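Asks: Got a structure for you, questions after.
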Amino acid sequence: MDLLAECSVFASVSDSGSFTVGAAHLRIPQSVASRRVAALEERLGGRLLDRTGKRATLTPFGRIMLPRARRLVELGYEFQRDASRALLAPYRLAVPANWSVIGLAEVAATAQADNLALDYHQAHPAERDESVRLHTVEGAVVAVPLGESTWSFPLGVASRDGGGSHPLRVASLRPYRGLPAGNFRRVWIDPEDDIPAVRDHLLRFRDASGLASEQVRVAPNMTGALTAVISEDGLLLCTQRQALDLQLEWRALADISLYRSYAIRGPRGSDTERVSAVLQMPIESAFGAEQEEFG
28 MDLLAECSVF ASVSDSGSFT VGAAHLRIPQ SVASRRVAAL EERLGGRLLD
78 RTGKRATLTP FGRIMLPRAR RLVELGYEFQ RDASRALLAP YRLAVPANWS
128 VIGLAEVAAT AQADNLALDY HQAHPAERDE SVRLHTVEGA VVAVPLGEST
178 WSFPLGVASR DGGGSHPLRV ASLRPYRGLP AGNFRRVWID PEDDIPAVRD
228 HLLRFRDASG LASEQVRVAP NMTGALTAVI SEDGLLLCTQ RQALDLQLEW
278 RALADISLYR SYAIRGPRGS DTERVSAVLQ MPIESAFGAE QEEFG
């Protein structure tokens with residue numbers, strides 16, 4: 028920074044031909060301007076300005092170095108402008124595709140009060156993991172083991188009629204003897220939960236409980252899952268907040284514990300710890316639920 032200040036004074040004095048005028052233009056004392064030019068001459072090993080006349084004039088060495096000094100000053104200003112823009116640039120964050128617009132807006136508004144602007148990229152789990160690997164985002168809300176999570180949201184099932192306020196035993200969906208083939212309720216897995224920690228756990232439980240293999244299915248998309256819930260009396264595996272957003276009745280699960288557990292991950296140097304700290308409560312508030320509501 029000393030070199031930039033010295034070059035700035037050198038250029039200003041050269042333009043005006045006066046240490047007094049050049050210093051005034053930079054709003055510094057004339058004595059400071061003189062010291063900075065002298066320091067630059069000592070740094071470079073040659074005289075830049077001839078001070079013997081009434082005006083400060085460039086020496087031959089000074090004429091060679093002046094364009095370079097101007098360029099260095101310009102680069103310094105550009106560097107400062109870029110730094111200011113970088114501080115104001117939004118943090119590109121990959122988030123679950125099924126997070127509601129209103130919830131994301133609430134999180135963004137709260138984060139903005141903490142000087143964190145967010146640029147969301149909604150995607151499914153595999154795409155969010157890939158975006159971190161490819162550095163196309165600065166951070167991503169990714170699925171992690173429950174013990175490593177910043178946020179964990181219990182999963183239950185949602186339907187149009189609800190079926191009561193008590194937790195549902197998934198094993199109770201087992202087809203009983205004499206039921207026509209295919210005449211049973213299905214549990215649809217949201218694409219957000221198409222990950223081993225949820226999908227495989229539920230499929231193993233399905234097999235151990237005697238449910239038909241077709242009774243637990245991964246939905247190709249949310250539209251297909253909701254269509255099945257509405258037209259076939261299906262059940263959607265989801266969080267309580269998601270059920271509320273979809274205007275469905277939600278029930279907790281009595282015989283199996285499933286969670287969406289998340290943390291923010293990002294490329295090296297992406298400041299994920301600070302972002303996680305800022306977003307911890309807003310995300311919990313926007314997408315979580317009070318314990319007593321589902322317990």
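Residue numbers for the sequence shown follow our numbering, so the first one is 28 and each next one is one higher. Don't be surprised by glycine CBs; every beta carbon is placed ideally from N, CA and C. Predicted model, so just to flag it, every value in this text is computed and none were measured.
1. Going straight from the alpha carbon of R97 to that of F37, what length do you get?
2. Is D220 buried or exposed, if buried means 16 or more other CB atoms sit within 10 Å of its CB?
3. Closest to Q242 by C-alpha separation, out of I129, R231 and D146, would be which residue?
4. Can you look up Q149 in the DSSP assignment and give me helix, strand or coil?
5. Using three-state DSSP, classify G174 as helix, strand or coil.
6. In whole angstroms, what separates the C-alpha of T266 from that of A113?
7. Tell me the DSSP secondary structure of S179 in three-state form.
8. Under 8 Å, Cβ to Cβ, is there at least one residue of chain D near R54?
9. Beta-carbon within less than 6 Å of G103's beta-carbon, same chain only, minus the 5 sequence neighbours each way: which residues are those?
10. Count Cβ pairs between the region 153-160 and the region 305-315 that sit closer than 8 Å; are there 3 or more?
11. Pull up the DSSP beta-bridge partners for S288, would you.
12. Which of the three DSSP states is assigned to D188 in this structure?
13. Closest by CA to V100, which one among L275, G191 and E33?
14. How many whole angstroms separate the CB atoms of V164 and A121, which I take to be in contact at a CB cut-off of 8 Å?
15. List the endpoints of the continuous beta strand (DSSP E) containing I216.
Replies: According to the data block:
1. For the purposes of this step, residue 97 is taken as residue 70 along the sequence shown, with counting starting at 1. For the purposes of this step, residue 37 is taken as residue 10 along the sequence shown, with counting starting at 1. Near 9 Å, if we compare the C-alpha coordinates of F37 and R97.
2. Here residue 220 refers to the residue found at position 193 when the sequence shown is read from its first residue. Flag for D220 reads buried.
3. Along the sequence shown, one-based indexing puts residue 242 at 215. Measuring from the Cα of Q242, the nearest candidate turns out to be R231.
4. Along the sequence shown, read from residue 1 onward, the residue named residue 149 stands at position 122. Reduced to three states, the DSSP call for Q149 is strand.
5. Within the sequence shown, numbered from 1, the residue matching residue 174 stands at position 147. Of the three classes helix, strand and coil, the one that applies to G174 here is helix, per DSSP.
6. As a position in the sequence shown, residue 266 is number 239, starting the count at 1. As a position in the sequence shown, residue 113 is number 86, starting the count at 1. Going from the Cα of T266 to the Cα of A113 covers about 36 Å.
7. Locating residue 179 in the sequence shown gives position 152, counting from the first residue. In this structure, S179 counts as strand in the three-state DSSP scheme.
8. The displayed structure is made up of one protein chain only, and chain D is not part of it.
9. As a position in the sequence shown, residue 103 is number 76, starting the count at 1. Taking G103 as the centre and dropping the five residues before and after it, the same chain places the C-beta of L31 closer than 6 Å to its C-beta, in chain order.
10. no
11. Here the question's residue 288 lines up with position 261 in the sequence shown. S288 pairs with S179.
12. Residue numbering aside, residue 188 sits at position 161 when the sequence shown is read from its first letter. For D188, the secondary structure class from DSSP, reduced to helix, strand or coil, is coil.
13. The residue labelled residue 100 in the question sits at position 73 within the sequence shown. Considering only alpha carbons, the answer is E33.
14. Numbered from 1 along the sequence shown, position 137 holds the residue referred to as residue 164. Numbered from 1 along the sequence shown, position 94 holds the residue referred to as residue 121. Indeed, because the Cβ distance is near 5 Å, the residues count as touching under 8 Å.
15. For the purposes of this step, residue 216 is taken as residue 189 along the sequence shown, with counting starting at 1. V214 to I216 is the span of the beta strand (DSSP E), which, as asked, contains I216.
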